[in-house]
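Contents: one structure, followed by commentary.
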Ligand SMILES: O=C(O)[C@H]1O[C@H](OP(=O)(O)OP(=O)(O)OC[C@H]2O[C@@H](n3ccc(=O)[nH]c3=O)[C@H](O)[C@@H]2O)[C@H](O)[C@@H](O)[C@@H]1O
């Protein structure tokens with residue numbers, strides 16, 4: 001038998017390094033040499049671990065209680081008031097991502113026509129949270145309460161469904177942005193996969209189950225070259241992790257439709273732009289840079305071909321969202337059990353007239369009356385696709401969707417908003 005003083009031989013050199021035995025260590029080893037002392041030590045260590053763990057859980061629950069921004073009588077009252085329906089046949093809609101670009105516009109449109117709306121948003125700092133807070137206060141002035149919380153918070157979702165009988169969920173909370181997925185891949189998994197599943201679990205268990213309309217993306221067409229993109233085209237060649245998580249969302253929602261009878265409508269948005277937009281998007285960041293006299297980077301595709309997008313104005317997208325809610329059939333399940341087949345739909349919401357990025361810049365220059373400093377570079381391999389172009393005949397037929405705003409008109413509205421919001425004080429337009 002090797003004595004405790006004998007150095008054990010490391011199995012992998014370098015992985016397991018043992019110190020030369022120090023006199024103190026010898027004493028320590030002797031302590032353990034009797035089995036009864038060893039038993040007492042073990043008991044002591046177990047007791048220490050148990051008390052540490054229970055203290056930790058006490059601290060955790062205490063701090064969650066103290067820091068929770070939801071719950072309580074006053075909070076429930078605000079949620080109920082916001083969900084009040086003010087028109088015959090109206091709906092009660094939970095809008096996730098209500099502090100976001102599309103979410104804030106859809107919430108306002110629903111509220112204005114008399115539907116009940118409760119918002120949910122985690123106000124993360126992917127882009128300037130003060131813009132999200134400004135949207136929140138606009139919604140608040142119009143009677144829409146936004147709960148601060150994450151779609152990954154199952155307890156919060158259960159509470160919301162407990163307080164309000166939601167007829168519909170408009171799920172717009174997501175990690176957006178095509179190129180940022182290379183910087184922070186985990187945030188896409190967190191919001192677009194885990195968050196989606198948590199939300200679907202809450203919807204599946206709600207009784208009655210709501211109908212769900214959610215934001216997919218034109219990016220699911222990935223490397224598809226058949227134009228215009230139709231819902232029947234292949235979507236199994238995503239070019240970015242963002243696109244892959246949206247495509248995964250389409251498959252995940254299909255499963256919940258199939259197993260639990262949830263009514264699902266997925267909307268493939270095509271590069272949405274407009275007032276109160278997202279500062280990370282090209283039209284927005286170009287505007288800021290042009291006004292600040294900074295150079296803008298314009299990506300160019302293979303063989304020096306300009307990139308193009310089927311830019312779609314926010315008001316048109318809102319009509320598509322509201323049309324989807326209005327035509328969504330009911331979910332059929334209850335208590336987590338499917339009672340019959342429920343609708344599963346996917347629609348393109350685009351503008352059907354792609355415009356190149358240099359043309360977008362020309363239009364901005366005209367509206368801003370400032371010349372852009374252009375820096376043209378080859379498109380890096382960062383998840384971008386060369387062009388998008390929507391076939392919208394399905395949405396036209398089923399939702400009455402008919403976009404009416406061209407890029408020239410829509411950008412004029414955006415620039416007017418931008419200047420009124422940020423002014424010409426370019427320093428303010430950080431982020
Ligand atoms: O349609 C969609 O599904 C997607 O539309 C946009 O993604 P994207 O079309 O890439 O929009 P922008 O980031 O505004 O880029 C527009 C165009 O400008 C180009 N661009 C962007 C940034 C830049 O600095 N320079 C530049 O030339 C891009 O390559 C792209 O061709 C949104 O950011 C996504 O969240 C959304 O899901």
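Numbering (UniProt numbering), first residue to last: 1 to 431. Don't be surprised by glycine CBs; every beta carbon is placed ideally from N, CA and C. For clarity, every value in this text was computed on a predicted model and none was experimentally measured.
Apply the 10 Å Cβ neighbour rule to residue 295 and answer buried if 16 or more other Cβ atoms are within range, or exposed otherwise. exposed
By Cβ distance, which residues of its chain are closer than 6 Å to residue 103, with the 5 residues on each side in sequence left out? Here the set comprises 95, 97, 172.
Beta-carbon gap between residue 219 and residue 188 smaller than 8 Å: no
Verify whether the separation of the beta carbon atoms of residue 310 and residue 388 is less than 8 Å. yes
Mind checking whether the beta-carbon of residue 418 lies closer than 7 Å to any heavy atom of ligand 1? Distance from the C-beta of residue 418 to the nearest heavy atom of ligand 1 is not below 7 Å.
Quick one: what does DSSP say residue 330 is sitting in, helix, strand or coil? Coil.
What would DSSP say about residue 93, mapped onto helix, strand or coil? Three-state result, residue 93: strand.
Between the beta-carbon of residue 400 and the beta-carbon of residue 323, is there less than 8 Å? yes
Spatial neighbours of residue 153 within its chain, please: C-beta separation below 8 Å, excluding the five flanking residues on both sides. 198
Return the residue from the list 332, 161, 269 that minimises the CA-CA distance to residue 263. 332
Candidates 120, 327, 380, 371, of which the one nearest residue 301 by Cα: 380
Is the closest heavy atom of ligand 1 to the C-beta of residue 98 under 7 Å? no
Which whole-angstrom value describes the C-beta separation of residue 114 and residue 80, a residue pair presumed to lie in contact below a C-beta threshold of 8 Å? At roughly 16 Å, the Cβ-Cβ gap does not stay under 8 Å, so residue 114 and residue 80 are not in contact.
Residue 351 beta carbon less than 8 Å from that of residue 312: yes
For residue 238, does the count of other Cβ atoms within 10 angstroms reach 16, so buried, or fall short, so exposed? buried
Leaving aside the five residues before and after residue 224 along the sequence, list all residues of the same chain whose C-beta is less than 8 Å from its C-beta, in chain order. 233, 234, 235, 237
For residue 218, is the beta carbon positioned less than 7 Å from some heavy atom of ligand 1? yes
For residue 142 and residue 112, what's the separation of their Cα atoms in angstroms? 8 Å
Between residue 386 and the rest of its own chain, which residues show a CB-CB distance below 8 Å, the 5 nearest in sequence each way excluded? 301, 302, 305, 307, 308, 379
Using only the alpha-carbon positions, how far apart do residue 228 and residue 395 sit? Whole-angstrom Cα-Cα distance: 14 Å.
Decide if the segment 338 to 346 is in contact with the segment 247 to 257; the criterion is three or more beta carbon pairs, one per stretch, under 8 Å apart. With a cut-off of 8 Å on Cβ pairs, the segment 338 to 346 is in contact with the segment 247 to 257, counting three or more such pairs.
Hey, is residue 400 close to ligand 1, as in C-beta under 7 Å from one of its heavy atoms? no
Which residue from 110, 317, 99, 117 puts its Cα closest to that of residue 127? 99
Please work out which residues of its chain come closer than 7 Å, Cβ to Cβ, to residue 340, disregarding the five sequence neighbours upstream and downstream, and give them in chain order. 261, 332
Return the CA-CA distance between residue 136 and residue 45, expressed in angstroms with no decimal places. 51 Å
Of the choices 165, 211, 161, 185, whose alpha-carbon is the least far from that of residue 327? 211
Rounded to the nearest angstrom, what separates residue 289 and residue 184 at their Cα positions? 24 Å
What is the rounded straight-line gap between the Cα of residue 118 and the Cα of residue 161? Spanning the two alpha carbons is a distance of roughly 11 Å.
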